[in-house]
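In case it helps, mature numbering (1 follows the signal peptide of the UniProt record, and there is no 0) puts the sequence shown at residues -17 to -1, 1 to 295. Don't be surprised by glycine CBs; every beta carbon is placed ideally from N, CA and C. Working notes, beginning with the structure itself.
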Amino acid sequence: WGTAALASLVLAAPSVAQTIGFSQIGSESGWRAAETTLTHQQAEERGIDLKFADAQQKQENQIKALRSFIAQGVDAILLAPVVATGWDAVLEEAKEAEIPVVLLDRTVDAPEDLYLTAVTSDLVHEGAVAGQWLAKAVGDEPCNVVELQGTTGSSPAIDRKAGFEQGIAGHDNIKIIRSQTGDFTRTKGKEVMESFLKAEDGGKNICALYAHNDDMAVGAIQAIKEAGLKPGDDILVVSIDAVPDIFKSMAEGEANATVELTPNMAGPAFDALAAYMKDGTVPPKWIQTESKLYTQEDDPMAIYEQKKGLGY
Ligand code: AHR
């Protein structure tokens, strides 16, 4: 091989993403912590230099992190957007710098050409599955539901609310009597549940809790117990994520059902980016992850044991 031939080989070699910036929301839930762990693991396995920025729940920190990644000239950016709106300007800047952005686990209200793809579940469907489970569980019995919403303005809070309403549509015996944000955290889930219980005759008027994530449900379960009621029995509990702790609660009969959200969003994101960097393969705008319903019938203790080793 002459020098010229070697040079042409080098030039033709596929370019693979090496440095990727990841703007993470924070660590509000067990699910979020697992997503962070798995993103680091997946990056390490692929030899990617991951630049990690924890936004501590603030969009302004995420925008700053994105601008810093752009200034550093990273090969790509992963963004888990805390809220749905307000991203257009910074996404335009990434586009101008020709840095592909992949959304992780939440969607944005921005033109689709501003990001390469979004790796998310069907957030509306998750809520619908939870609603349908409840409708089946209560049959024709009247049921007053209290709802713990996720972070206000986030796509899972908006979509899981809408989905649940779709899931119980046509079941006039089921009514959402209170709905408030618990910000996806255990502490706020407990706090807000305490206020729901107080306002509803110590909880006697509540038939079920729908929480937009398991962490809020776990906090609420504690509040229900402290109010002298039996979670999972006096008050049915359905939530979303399928983190290990909810399986423990299910095994103890204190939670009834959860809809699984995989914390491995980074694997499909890195695969899509690798193909894109290699030969320009454009991924679909939406890479959908699976949503699966689990109930007390699914051997929750065995699932708890399995899940513990998986990034949680
Ligand atoms: O965006 C995904 C949601 O964010 C998870 O369901 C929740 O636990 C997290 O905080």
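Reduced DSSP category for Ala252 - H, G, I as helix; E, B as strand; rest coil: Ala252 falls in the helix class under three-state DSSP.
Taking C-beta to C-beta, are Ile8 and Ile60 nearer than 8 Å? When the beta-carbon positions are compared, Ile8 and Ile60 stay at least 8 Å from each other.
Inter-residue spacing [alpha-carbon to alpha-carbon] between Ser40 and Asn196: A quick correction: the sequence has Gln, not Ser, at residue 40. Those two C-alpha atoms are separated by around 16 Å.
Count the other CB atoms within 10 Å of the CB of Lys144; is the residue buried (16 or more) or exposed (fewer)? buried
On the three-state DSSP scale, how would you describe Tyr98? Coil.
With three or more C-beta pairs closer than 8 Å as the rule, is the stretch 66 to 84 touching the stretch 238 to 249? With a cut-off of 8 Å on Cβ pairs, the stretch 238 to 249 is not in contact with the stretch 66 to 84, counting fewer than three such pairs.
Any non-hydrogen atom of the ligand AHR closer than 7 Å to Trp14 Cβ: Under cutoff, so the answer is yes.
Can you name, in chain order, every residue of its own chain whose Cβ lies under 6 Å from the Cβ of Glu237, other than the five neighbours on each side? Ile204, Pro214, Gly215
Tell me the rounded alpha-carbon separation between Arg161 and Ala182. 10 Å
Alpha-carbon spacing of Tyr277 relative to Cys190, whole angstroms: 20 Å
Shorter than 7 Å, the distance from the beta carbon of Pro139 to the closest heavy atom of the ligand AHR, or not? For Pro139, the shortest separation between its Cβ and any heavy atom of the ligand AHR lies below 7 Å.
Can you tell me whether Val(-8) is helix, strand or coil according to DSSP? The pLDDT assigned to Val(-8) is 41, lower than 50, so where the model puts this residue is not dependable; a value taken from the coordinates is nonetheless given after this. Reduced to three states, the DSSP call for Val(-8) is helix.
Just to confirm the assignment, what range does the alpha helix (DSSP H) spanning Asn127 have? For Asn127, there is no enclosing alpha helix (DSSP H); the residue is found in the beta strand (DSSP E) stretching over 126 to 132.
In terms of alpha-carbon separation, which member of Ile151, Val175, Ser138 lies closest to Ala120? Ile151
Using CA coordinates, which residue listed in Asp281, Asp198, Lys231, Ala240 is at the minimum distance from Ala17? Asp198
Which same chain residues, not among the five before or five after Leu32, have their C-beta less than 7 Å away from its C-beta? Contrary to the premise, residue 32 reads as Asp rather than Leu in this sequence. Here the set comprises Gln1, Thr2.
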